[in-house]
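>
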Amino acid sequence: MSPPPQPASYRDRLPPLGAYVLLAALPLGASLVARAGSLELSLVEAGKAAALLGYGIVALQFVLSARLPWPERPFGLDRVFRFHKSMGIAAAALLLAHPLLLACGEQGAGLLTDLRAPWYLWAGKAALLAAVAMGPAAVFRAALRLPYDRWRLLHGFAAIVVLVGGLGHALNVSDDLDNKPIRAAVFALLIVAILAYNRYRQSPPVLGRPPNYRVQAVTRETPTVWTVALERLSRTRGEEGLPGQFRFVSLDLPGVGDEDHPFTAASDPANSAMLSFTIKASGDFTRRIDRVQPGDRACVSPPFGRFSYLLHPKEEQLVFLAAGIGITPLMSMIRHLRATGEQRDVLLIYGNRTEEDIAFRQELAEIEAGGVPRLRVAHVLSRPDDSWTGEQGHIDGEKISRLCGEVTGKGFYVCGPPSMLRDTLRALRALGVPRSRVHYEHFAL
Ligand SMILES: Cc1cc2nc3c(=O)[nH]c(=O)nc-3n(C[C@H](O)[C@H](O)[C@H](O)COP(=O)(O)OP(=O)(O)OC[C@H]3O[C@@H](n4cnc5c(N)ncnc54)[C@H](O)[C@@H]3O)c2cc1C
C-alpha cells in the first residue's frame, strides 16, 4: 500500500526554491566572482548584471513550464505556472533595464536608436522585443481574440527567440563571455532549458503515443456541461491521483487537432481504472465536447495539483465553496469521502445561475441523504426563477458565516471563476479564517 499523502512543508519546498535561485543567479554569480577585481559600481555594470540575471530567469522559464514532477509535488503545478508568469514579467523588466542602463551610462541614446547596428545588436533587440511583447500578449490575448493554442505556440516561439537571440547577442557584443566560468554558466543554463523543453515534448499526453484511455460514455449534465467517462487501456507510472487533482487531456476532436487541456477528474480516484471529466462548453475545444463518441481514444497525463483534503488530514470539518464548473474537484472529494466511508462533516455551498445549471444535483442529494460523509448542501442561485425558495445571490461572507457557523478549526476549499474566487477569498479573510485553512484552485494556468 502506498503511504498516505502528506502536506508539503517548508522542507519540501526549500530544495526546489534553493535550486531555482542558485541556477537563475548562476551567470550573474559567475560574473561577479570571475570579475571581482575589475568590478565597479556603475550604470553599465548594473545593466550587464540585469541582462545576466534576466537570461538566467528566461532559461528557467522552460523548466517551470515543463510539467516536471519535483516542483509539482511541493507546490502544485498551478502555482508553478503562476510563478512562471511572475518570473516572465521579472525577466522582461530586467532585459528592458539592460539597454536603458547602458544607454544612461557611457553608451548614450545611440545604442537604442542607431539603425546601422551590427547583427548581434539586432539579435539583442529582437530578443528584447520578444520578451517584452510576451506580457501584453498574455494579458490581452482574449481581447485580441487569439485562441489559446495559437497563443501558446507564439509564446513558445518568442521564448526561443529570447533565449537564442540573447545568447547570440551576449557572445558577440562584448568580451565578457570570453571568461570561461561566465561562458560555462550561460551554456549550462542553455542546456538546462533544452533538456526541460525536450522533457516537456516527451511528457504525456504526447502526439503519436498510443492513447491510454478510451471513451466509455458521454453524458449531458446541464445544457452546457458534459461528463466524459473514460476507461483505462494501459497503466502508466504515477497514474493514481488524489481527489481534486487535474490532468491534461487530449481527445481526438475534429477541427481542434491534438491539443491538450487541463481538466479536473470529477470521479473518485480510488477506482483508477475509470476516470470521468465534467466539462463546461466555453471555447473552441470544450464547445465540441458533445461530439465525443464512446470508443474514441484519449490521452491523459498523470495527475497534478495540491487541491485535495487528503493533504490536510487534521481538518475534520470541511467547507466546500464552489461556483459553476468549479464543482468538479469538490465532487471528486465528496465521492472519495463516500467511497472510503469517511464520517466527516462537509458543508457544500454551491453557486450557479439557474436551477438547470446545477450539475450533479441528484447525486449530491443522494449522498446528503445517505449520511456518509455528513454532507449538507446549500445551493445558491444568482438568477433563480420565482419558484426558488433556496439561497439567492452570490456566495458571500454573510452566507458563509450564517451557513457554516463557527469557522475555527474548519478547512475551506474554494473553486470557481476568477471573480468568485477573489470575492470568496476576501470574505474568508474578513471572517478571520487563517490562510493555512484556505485552499483554492484556479481554473486558469
Ligand atoms: C487546473 C485546472 C482544472 C480545470 N478543470 C476543469 C474542469 O474540471 N472542467 C472544465 O470544464 N474546465 C476545467 N478547466 C478549464 C479548462 O481547462 C478550460 O475551460 C479549457 O481548456 C478551455 O479550452 P477551450 O479551447 O474550449 O477554450 P478557450 O477559449 O480556447 O480557452 C479558454 C481558457 O481556458 C484556458 N485554456 C485553454 N486551453 C488551455 C490549455 N491547453 N492549457 C491550459 N489552459 C487552457 C485558458 O486560460 C483560456 O483563456 C480547468 C482548468 C485548470 C487550469
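If you read the sequence shown in our numbering, its first letter stands for residue 52, the second for the next number, and so on.
No residue lacks a Cβ here, since even glycine has one placed at the ideal position from N, Cα and C.
Given the structure is predicted, the values throughout are model-derived calculations rather than measurements.
Quick one: does the C-beta of residue 492 sit closer than 8 Å to a heavy atom of ligand 1?
Yes, Cβ of residue 492 sits closer than 8 Å to a heavy atom of ligand 1.
> Taking the alpha-carbon positions, what's the residue 68 to residue 347 distance?
Between residue 68 and residue 347, the C-alpha separation is close to 41 Å.
> Measuring only the C-alpha atoms, how far is residue 316 from residue 414?
So the alpha carbons of these two residues sit roughly 16 Å apart.
> When the Cα atoms are used, what is the spatial distance from residue 114 to residue 241?
Roughly 11 Å separates the two Cα atoms.
> Any heavy atom of ligand 1 closer than 8 Å to the CB of residue 199?
Answer for residue 199: yes, Cβ within range of ligand 1.
> Are the beta-carbon atoms belonging to residue 482 and residue 448 less than 9 Å from one another?
It is a contact, given that the beta carbons lie within the stated cut-off.
> Of the choices 179, 326, 352 and 265, whose alpha-carbon is the least far from that of residue 343?
Nearest of 179, 326, 352 and 265 to residue 343, Cα basis: 265.
> Three Cβ pairs or more, each shorter than 8 Å: is that satisfied between the stretch 415-428 and the stretch 321-338?
Because the criterion of three Cβ pairs below 8 Å is not met, the stretch 415-428 and the stretch 321-338 do not touch.
> At what residue ranges does the stretch 418-462 contain a whole run of the alpha helix (DSSP H), taking only runs of 4 or more?
Here the runs fully enclosed are 448-455.
> I need the straight-line Cα distance from residue 332 to residue 168, nearest angstrom please.
Cα-Cα distance, rounded: 50 Å.
> The alpha helix (DSSP H) that contains residue 475, what's its start and end?
Unbroken alpha helix (DSSP H) run through residue 475: 469-481.
> Using only CA atoms, which one of 395, 299, 337 and 181 lies nearest to residue 360?
Nearest option by C-alpha distance: 395.
> DSSP beta-bridge partners for residue 313?
Looking at the DSSP assignment, residue 313 forms a beta bridge with 299.
> Which same chain residues end up closer than 8 Å to residue 243 when comparing Cβ atoms and leaving out the 5 residues on each side of it in sequence?
Taken in chain order, the residues that qualify are 74, 110, 111, 113 and 114.
> For a test of the three-state rule: what should DSSP assign to residue 400, helix, strand or coil?
If DSSP states are grouped into helix, strand and coil, residue 400 belongs with the strands.
> Is residue 194 near ligand 1, in the sense that its beta carbon is under 8 Å from a heavy atom of that ligand?
No, Cβ of residue 194 sits at least 8 Å from all heavy atoms of ligand 1.
> Check this for me: beta carbons of residue 120 and residue 64, under 9 Å apart or not?
Their beta carbons are not under 9 Å apart, which means residue 120 does not touch residue 64 by this criterion.
> By how many angstroms is the C-alpha of residue 292 removed from the C-alpha of residue 116?
Answer to the nearest angstrom: the Cα atoms are 21 Å apart.
> Would you mind giving the Cβ-Cβ distance between residue 237 and residue 221, rounded to the nearest angstrom? I have them listed as a contact below 8 Å.
Confirmed, about 7 Å.
> Taking 8 Å as the line, does the beta carbon of residue 313 fall inside it for any heavy atom of ligand 1?
Yes, the beta carbon of residue 313 sits closer than 8 Å to at least one heavy atom of ligand 1.
> Taking just the CA atoms, how far does residue 77 sit from residue 474?
Computed Cα separation, rounded: 40 Å.
> Does the count of Cβ pairs from the stretch 171-184 and the stretch 209-223 closer than 8 Å reach three?
Taking 8 Å as the limit for Cβ pairs, the verdict is that the stretch 209-223 does touch the stretch 171-184.
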